[in-house]
Amino acid sequence: MEHLVEVRHISKQYGQVQALHDVSFQVGRGELFGLIGPDGSGKSTLFRILTTLLTANEGEASVNGYDVIKDYKEIRKSIGYMPGKFSLYQDLTVEENLSFFATVFNTTVEAHYDQIKEIYDQLAPFKNRRAGALSGGMKQKLALCCALIHDPVILFLDEPTTGVDPVSRKEFWQMLHRLQEQGITLIVSTPFMDEAKQCDRIAFIQNGTIKGIDIPKMILEQFKDILCPPGLERDTTHQDEQPIIRVEQLVKQFGNFTAVDHISFEVKRGEIFGFLGANGAGKTTAMRILSGLSLPTAGKAEVMGYDVQTQSEEIKKHIGYMSQKFSLYEDLKVWENVRLFAGIYGVPRTEIAPRTERMLKRIGLYEERETLVQELPLGWKQRLAFSVSIFHEPQLVFLDEPTGGVDPATRRQFWELIYQAAERGITIFVTTHYMDEAEYCDRISMMVDGQIKALDTPDKLKDQYHAQNMDEVFQQLARHATRSSD
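Each step along the sequence shown adds one to the number in this note's numbering, with nothing skipped, and position 193 is 186.
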């Protein structure tokens, strides 16, 4: 097999940090090659070296027969790259983004339209919408179109489906397989093991070192403790039947668009309540209302006895909230972030220092208390953000996709923190796109097109829909969705 990518003994250091150490592998022409590993293992650094955005300290690499240092201009002409964060211009429309990227590569949309037609047809109805107003799934499709517009030989995709619901992820991977059939070589990193299984081969990287390369079945078995950790169990006998959240016929409209359409449900005290739905289903809009950040158009809702319409400020004082985009200050140290938020939440001054010390020891970040947050791995940031959100010991915490882009072992550690919080009596209201995490919830609500279509325990939902797992339940419900953007 002809090797389109060759990596020979690549090493990369950032100061005292060894990001990559003696990395070597080859990717054949037309192969779908996966790169998996924990946060901070070196995946993104390797992508940046192969796409000529970084230079290695040691070793050599070639892409499409060109050296990544000497021939970087030629490589850039022949590759497409989707970085971990969307590379789109949020203020430009779908059409303007596509035209811009075509111009960058000295081509036109028309010249290679056949290459993107199948994907772009799904975006065409939104061609005049700004990229920033698209759902996660639509952004992802547009970013893929922009990466393909110059007809590349190889695609580098760094966790392209993070933050995207299971149905949109499935559609995206169907697109990747069709691109592979057209002869394009793909190198993809992913935190989803169901996606890793779809690759021809995968490389497992940890602490900057390749630990193994093989077909997915062999790698997932060899490193199952990290990549496929066992599930968690929880005792729910202590739950209080009294509801902490009551929702009756809640509605939220934006102009003529009904984002939340007459939903009703209750959440019990001490419960871990999963609030699931595809991108655009309305779940984030509903969560913003319940957390006091937005007012409903109609209907009723009470959170801890406070009315969302008239007492939103009281709600904000008594809850914890962790958004999709972390609210931590990157240029502050770990302990400085904790102290800042403790003051905002009104924790008594004399309690801040001892409580900070106990919390950092509990979550394993005590040795990093003087570290700037921007220098922490993603999984560590998430642990800290969650712990800060409950530092003032609220009765209720809202978590909006808290584990996006994190590897399975780190996600399991995060859920252990959630279980510990629940055992202390904190009610957890969580959204997630990981269906294995849905299994960890006591009950699950499934939203489709702004309405709740199912609500029960994971086991009862699986029985009801004759499904083996929650992913199958989600696919059955979400496939009937008619809209794709909030």
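Where is the CB? At the ideal position from N, CA and C, for every residue including glycine.
Those residues which DSSP pairs with residue i across a bridge
| i | result |
| --- | --- |
| L448 | S438 |
| T251 | Q246 |
| Q11 | Q6 |
| A346 | According to DSSP, which records beta bridges pairwise, A346 is partnered with nothing at all. |
Residue i versus residue j: straight-line alpha-carbon distance, rounded
| i | j | result |
| --- | --- | --- |
| I494 | R376 | This structure cannot settle anything about residue 494, because the visible part of the chain is limited to -6 through 479. |
| R404 | Q444 | 28 Å |
| M280 | I419 | 17 Å |
| R436 | D452 | 9 Å |
| E214 | L220 | 9 Å |
| S316 | D300 | 22 Å |
| V20 | Y106 | 27 Å |
| S34 | Q199 | 5 Å |
| H170 | K354 | 45 Å |
| H385 | V260 | 21 Å |
| M440 | A447 | 7 Å |
| F94 | D218 | 42 Å |
| Q302 | G292 | 9 Å |
| Q246 | A294 | 16 Å |
| N121 | D442 | 22 Å |
| V296 | E234 | 15 Å |
| Q175 | F185 | 24 Å |
Same chain, Cβ closer than 8 Å to residue i, five either side skipped, listed in chain order
| i | result |
| --- | --- |
| Q367 | E323 and D324 |
| F407 | G372, Q375, R376, F379, P395, T396 and V399 |
| F165 | G130, Q133, K134, L137, P153, T154 and V157 |
| M163 | It should be pointed out that residue 163 corresponds to Lys in this sequence rather than to Met. The residues are Q468. |
| M352 | V331, S380 and F384 |
| E188 | G27, T154, R162, W166 and V181 |
| L321 | N330, V366, K374, L377, A378 and V381 |
Check whether residue i and residue j have beta carbons under 8 Å apart
| i | j | result |
| --- | --- | --- |
| L135 | V181 | no |
| A274 | V160 | no |
| E24 | D193 | yes |
| S257 | Y314 | no |
| R227 | Y412 | yes |
| S80 | I147 | no |
| L225 | E416 | no |
| G387 | H311 | It should be noted that the sequence gives Pro, not Gly, for residue 387. Result yes, Cβ atoms of P387 and H311 sit closer than 8 Å. |
| R22 | D84 | no |
| E51 | S128 | no |
| R362 | V327 | yes |
| L39 | L(-3) | no |
| F197 | K204 | yes |
Below-8 Å beta-carbon distance, residue i vs any chain D residue
| i | result |
| --- | --- |
| H255 | Among the chains of the structure shown, chain D does not appear; only one protein chain is present. |
Contact set for residue i: own chain, Cβ-Cβ below 6 Å, skip 5 residues either direction
| i | result |
| --- | --- |
| T424 | F268, K276, D393 and E394 |
| M75 | A136, A140, L150 and P153 |
| S480 | What is shown of the chain runs -6 to 479, which leaves residue 480 out entirely. |
| Y65 | T45 |
| R41 | L47 |
| T100 | H143 |
| S17 | V0, R1 and H2 |
| Y433 | L225 and W408 |
| Q457 | none |
| G285 | S305, I308 and K309 |
Presumed contact (8 Å Cβ cut-off) between residue i and residue j, rounded CB distance
| i | j | result |
| --- | --- | --- |
| G77 | E152 | 5 Å |
| G27 | I195 | 4 Å |
| A431 | P31 | About 22 Å; that fails the 8 Å criterion. |
| V240 | D254 | Not quite, the Cβ-Cβ distance comes to about 12 Å (not below 8 Å), so this is no contact. |
| Y59 | I68 | 5 Å |
Cut-off 7 Å between Cβ atoms - residues of its own chain near residue i, not counting five sequence neighbours on either side
| i | result |
| --- | --- |
| V428 | One detail in the question is off: residue 428 reads as Met in this sequence, not Val. Correct list, in chain order: P159, N462, M463, D464 and F467. |
| L141 | G73, Q108 and I109 |
| I345 | R332 and A335 |
| L91 | V102, C138, C139 and I142 |
| S37 | G77 and D151 |
| E264 | Q232, T420, D435 and R436 |
Residue i beta carbon near the ligand GDP (any heavy atom closer than 7 Å)
| i | result |
| --- | --- |
| V240 | This structure lacks the ligand GDP; in fact it carries no ligand of any kind. |
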